[in-house]
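Peer 1:
In this note's numbering, the protein residues as written are 8 to 197.
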């Protein structure tokens, strides 16, 4: 099995999130490549982050409206391998209907009937996937990548400024999602 994250890997989260906050506070609008650290320190205050998450959590469409940040070929490849080597799409998205919005979004990207896990209450992906026979994971979050790597999962980390300080023998940096997916599939193929 291959685990695949969504935000920052398949979908563009940073720009629409920062746009929400900017609408109220006039803060910079940043794509993932310009977010300097995972906590957005120096970019957004805690009050601004809380505001953004409150809006996202109550939105009936935020997760379903995100743009893809990976090319169509990546979605096609994931869809084709979904039956041979099940792909688990796993995310820490918030909101009462985050699962439904995410499933709908994946369907529009060509992933029919995705195996989707939305983590709850601060669970790490390493914790919730311990009982799954994972071969590899595709991730961008420093903490999630480390939790997976420490649970003996090989992690293909999509390289961003906010994850450059993480290092582990089970983590391999990739220039983009396309490379990460290719490497994860090759690892699964043996």
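The beta carbon of each residue, even a glycine, is placed where N, CA and C say it ideally should be.
Since this is a predicted model, take the numbers as computed values, not measurements.
Taking all protein chains shown into account, do 16 or more other C-beta atoms lie within 10 angstroms of the C-beta of residue 21, making it buried, or fewer, making it exposed?
Peer 2: Walking along the chain shown from the start, residue 21 turns up at place 14. With 16 or more other Cβ atoms within 10 Å, it is buried.
Peer 1: Across the stretch 114-121 and the stretch 163-181, are there enough close Cβ pairs to call them in contact, namely three or more that are closer than 8 Å?
Peer 2: The stretch 114-121 vs the stretch 163-181: no contact.
Peer 1: Could you pull out every residue in the same chain whose Cβ sits closer than 7 Å to the Cβ of residue 64, ignoring the five residues on either side in sequence?
Peer 2: The residue labelled residue 64 in the question sits at position 57 within the chain shown. Cβ neighbours of residue 64 beyond the five flanking positions: 101 and 102.
Peer 1: If we call anything under 8 Å between Cβ atoms a contact, is residue 179 one with residue 190?
Peer 2: One-based indexing of the chain shown puts residue 179 at position 172. One-based indexing of the chain shown puts residue 190 at position 183. For residue 179 and residue 190, yes; Cβs fall inside 8 Å.
Peer 1: Hey, out of 107, 114, 104 and 31, whose CA is closest to residue 79's CA?
Peer 2: Indexing the chain shown from 1 puts residue 79 at position 72. For residue 79, the nearest C-alpha among the options comes from 114.
Peer 1: Could you give the DSSP three-state label for residue 81: helix, strand or coil?
Peer 2: Working through the chain shown from its first residue, we reach residue 81 at position 74. If DSSP states are grouped into helix, strand and coil, residue 81 belongs with the helices.
Peer 1: Roughly how many angstroms lie between the CA atoms of residue 84 and residue 77, to the nearest whole one?
Peer 2: For the purposes of this step, residue 84 is identified with residue 77 of the chain shown, where counting begins at 1. For the purposes of this step, residue 77 is identified with residue 70 of the chain shown, where counting begins at 1. C-alpha separation (whole angstroms): 11 Å.
Peer 1: Quick one: Cα of residue 116 to Cα of residue 73, how far?
Peer 2: As a first step, residue 116 must be located in the chain shown, where it is residue number 109. As a first step, residue 73 must be located in the chain shown, where it is residue number 66. Going from the Cα of residue 116 to the Cα of residue 73 covers about 11 Å.
Peer 1: Counting along the chain, where does the alpha helix (DSSP H) carrying residue 167 start and finish?
Peer 2: The residue given as residue 167 occupies position 160 in the chain shown. Note, residue 167: premise wrong, no alpha helix (DSSP H); not H, not E.
Peer 1: Between the Cα of residue 14 and those of 35, 50, 109 and 195, spot the shortest distance and give me the residue it belongs to.
Peer 2: Taking the chain shown and counting its residues from 1, one reaches residue 14 at position 7. Comparing Cα-Cα distances from residue 14 to each of 35, 50, 109 and 195, the minimum goes to 109.
Peer 1: Suppose contacts are defined by Cβ-Cβ distances below 8 Å. Is residue 9 in contact with residue 195 by that definition?
Peer 2: The residue labelled residue 9 in the question sits at position 2 within the chain shown. The residue labelled residue 195 in the question sits at position 188 within the chain shown. Result yes, Cβ atoms of residue 9 and residue 195 sit closer than 8 Å.
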